[in-house]
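> First, the structure itself, so that you have it in front of you.
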């Protein structure tokens, strides 16, 4: 298949682009490289020494003989986005090209507004581009399990059969997202569902859980293919961050009681899920929702697993319970369904000691690059603006102005 | 009370500002006057000869001795919006300041993106301004009954008690909006609910039905206080438009079968509902939802009532069934609850022959201003871009650029 990966320079996007290319698909990466800029703005960096996109693509070609096409630009710039659709003629577009950090969106008003405008406009542009230029193309959109929040009922995959006052309907599952970022994904989901309904577009909305891991078979081929490994309080995801903390003897930063339960998956399953969605497209007019995770854990369980793995390596790992900077339930019911991707053939990589060992080894290997001042949470959900200890400049994708018709 | 009316130069906003002023509240209008610009851009005009906002306010003062304060600017410009909150110190902010036409949002990509960015950013700015400067102030936000769509179950006021697999929760009512405009209101509702939860703000989200009528006791005081009366296919609401069509012998433009059922209310009830919401504020942290309409009608019923009223005046009124330019069910179940405002004391003005007569009389009186070329629908939901017969220029509130951090 011909598959565009929007956001293909990012954490999940890069692993996905390589995997799809390896599997024989024709792949194009569409990316503005702004994720690298955000690291600069926030004064943070990935643990791993990520190469430039050009170097990455050259290495991939040298290692495998496979060429990944590349379009550099911002999808909030419609003309740019449309040109990639016209030129590449994708059968599927995998859309990772959004600001994806909850704390980033909660820094202050500008970051909240930027996150929502950037994500909503990019997705709207994509819907219009597909309708105009490629209506049979399948949209594979990355959403998040965080769209659902933590309701006191089982979480279904996108839709809920409701019986009420003797009548019945199947309705979109009610959403209770927990940050301005998660809200942006809820906005996207509503927009996508509508576009499928009025225009007959075909879409799969993947509500992904927390991703962990960094290596995939493809990125392991050459160090120049190494993936991001974010451990800072803004972009770091919890299991990865705990491994880095353990490696340097920093107490694991559990927020509150640690009873927050979420769905998790290995990045090697992310890439497989994406391919499964592409290979089994939604029907015209269908907006299908898959919950993309393989296991549920409480945050404290994750911390305890990392603690045990660290002790096996001779590390002394403490667990710290910090006041929760987020507004969220620290203990709650959580039971989210996730059978649709398994039905399509997903064989999960469950969280194992060997994976924890390998993450810890990566953390040890790049230990010199670890900046411990990036561990502590600095973004408080309760405050309307947060000053982090590093200077930041607000950036907005230039395309946002174009998209809303500004000069 | 001190009440800011954002969008106070518009159709519902102007009537509300006058009513609240008459009732003894201190009122400020905050408006960018962009609604007038959109008329120019689309080549349309209100039936009634609306005066400049300055003339309106001078007339109000001359007639009643009451002064309405006025801030001209765009609420997508945060510094401007914040300055109005600092200067006026409102106890309640009534927020009408959004692009409110479904067809406008469906013209093309630019109008869709503009509608969502304008509405979402304006509301986000307001939430941040209240959190920063006036956390006890009550937000009274205009939503729309169109957020719910037409589910096959009863529509509740904002929240639904769900029993599922033996467990129970009260969740936001699932939304199925029918245009990029209606989607923008759904996005707002999610953002507002979240801000109440994390910051303890107090909000009332009013899901308003289709408003009809134009005269209120206040605007009737002087012709210079006359309200808008939109009858064009973009901004006109259905009952008002039918009355104008009847007045000039143009067949009433029913879309499809006309079985579309919606909630309706008289503009004299809109203003009363707003005051009731202000006088009985939500509690801190509460995001309350009221369904603001008084009666349900099928579109064809509305057409038949207008036909009967026209015939009484000696007019020959035909009903035309046009292909539905919207993607919507032309026959469906609809039963929406609306008891919360009644519980607070609303005494509805139900749709009556005398109201229809008065609307028809206004249409006859300003008959010379009617442009029949504005009746036929020109915006087709199924097309990604629609060319209307008048030239249009895309306008975007300048503040949108500022809001997203652009130069």
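Protein chains in written order, with this note's numbering: chain A, 17 to 423; chain B, 17 to 423. Virtual Cβ for every residue (Gly too), placed ideally from N, Cα, C. None of the values given here were measured: they were computed from a predicted structure.
1) Looking at chain B, is there any beta carbon in it that lies within less than 8 Å of the beta carbon of residue 361/A?
2) Return helix, strand or coil for residue 86/B, following the three-state DSSP convention.
3) Kindly list, in the order they appear in chain B, the residues whose Cβ is closer than 7 Å to that of residue 173/A.
4) Straight-line CA distance for residue 119/B to residue 299/B?
5) For a minimum of 4 consecutive residues, which ranges assigned as the alpha helix (DSSP H) are wholly contained in the region 238 to 324 of chain B?
6) Looking at chain B, which residues of the region 282 to 302 of chain A have a Cβ within less than 8 Å of any of its Cβ atoms?
7) Starting from residue 138/B, trace the alpha helix (DSSP H) in both directions and tell me its first and last residue.
8) Against chain B, with Cβ distances strictly below 8 Å, would residue 214/A count as a contact?
9) Residue 343/A touches chain B at which residues, Cβ-Cβ below 7 Å?
10) Would residue 184/A pass as an interface residue toward chain B - the criterion being a Cβ-Cβ separation below 8 Å?
11) Might you give, ordered along the chain, the residues of its own chain that have their beta carbon closer than 6 Å to the beta carbon of residue 304/A, omitting 5 neighbours on each side?
12) Would you say residue 329/A and residue 376/A are within 8 Å of each other, going by their C-beta atoms?
13) Secondary structure at residue 333/A, three-state DSSP: helix, strand or coil?
14) What is the residue span of the alpha helix (DSSP H) that residue 70/B lies within?
15) How big is the Cα-Cα spacing for residue 427/A and residue 342/A?
16) Here's the rule: buried if 16 or more other CB atoms are within 10 angstroms of the residue's CB, otherwise exposed. What is residue 20/A?
17) Would you list, in sequence order, the uninterrupted alpha helix (DSSP H) runs of no fewer than 4 residues that lie entirely inside the region 183 to 246 of chain A?
18) How would you label residue 151/B, buried or exposed, when you count the other beta carbons within 10 angstroms and need 16 or more for buried?
19) From residue 367/A to residue 360/A, what distance separates their C-alpha atoms?
20) For residue 347/A, tell me which candidate among 166/A, 99/A and 64/A has the shortest Cα-Cα distance.
21) What first and last residue would you give for the beta strand (DSSP E) that runs through residue 160/A?
22) Going by DSSP, what residue range makes up the alpha helix (DSSP H) through residue 42/A?
23) Rounding to the nearest angstrom, what Cα-Cα distance links residue 248/A and residue 391/A in this structure?
24) Answer yes or no: do residue 76/B and residue 37/B have a C-beta to C-beta separation smaller than 8 Å?
25) Tell me which residues share the same chain as residue 336/A and place their Cβ nearer than 8 Å to its Cβ, disregarding the 5 neighbours each side in the sequence.
26) Look at residue 136/B and residue 195/B and say whether their C-beta atoms are less than 8 Å apart.
27) State the start and end residues of the unbroken alpha helix (DSSP H) segment that holds residue 10/B.
28) Among 215/A, 345/A, 371/A and 246/A, which residue has its Cα nearest to the Cα of residue 143/A?
29) I need the boundaries of the alpha helix (DSSP H) containing residue 32/A, first residue and last residue.
30) From residue 22/A to residue 344/B, what does the alpha carbon distance come to, in whole angstroms?
31) How is the beta strand (DSSP E) around residue 177/B delimited, first residue to last?
32) Relative to chain B, which residues along the region 387 to 400 of chain A have a C-beta separation below 8 Å, given in chain order?
33) Determine which residues of the region 121 to 134 of chain B have a Cβ less than 7 Å from any Cβ of chain A, and write them out in chain order.
34) As a quick exercise: from 356/A, 326/A, 108/A and 237/A, pick the residue whose alpha carbon is nearest that of residue 156/A.
35) Counting along the chain, where does the beta strand (DSSP E) carrying residue 109/A start and finish?
36) Which bits of chain B does residue 94/A rub up against, with CB to CB less than 7 Å?
On the basis of the coordinates in this document:
1) no
2) strand
3) By Cβ distance, chain B contributes nothing, its closest Cβ being about 13 Å from residue 173/A, past 7 Å.
4) 36 Å
5) 254 to 263 and 283 to 295
6) none
7) 125 to 149
8) yes
9) 213 and 214
10) yes
11) 220 and 298
12) yes
13) coil
14) 69 to 80
15) This structure does not reach residue 427/A, given that chain A is present from 17 up to 423, and the question cannot be answered.
16) buried
17) 196 to 215
18) exposed
19) 21 Å
20) 166/A
21) 154 to 160
22) Per DSSP, residue 42/A belongs to no alpha helix (DSSP H); it is in the beta strand (DSSP E), 42 to 47.
23) 5 Å
24) yes
25) 267, 268, 269 and 270
26) no
27) With chain B covering 17 to 423 only, the question about residue 10/B has no answer from this structure.
28) 215/A
29) 27 to 38
30) 32 Å
31) 175 to 180
32) 397, 398 and 400
33) 125, 126, 128, 129, 130, 132 and 133
34) 108/A
35) 108 to 111
36) 125
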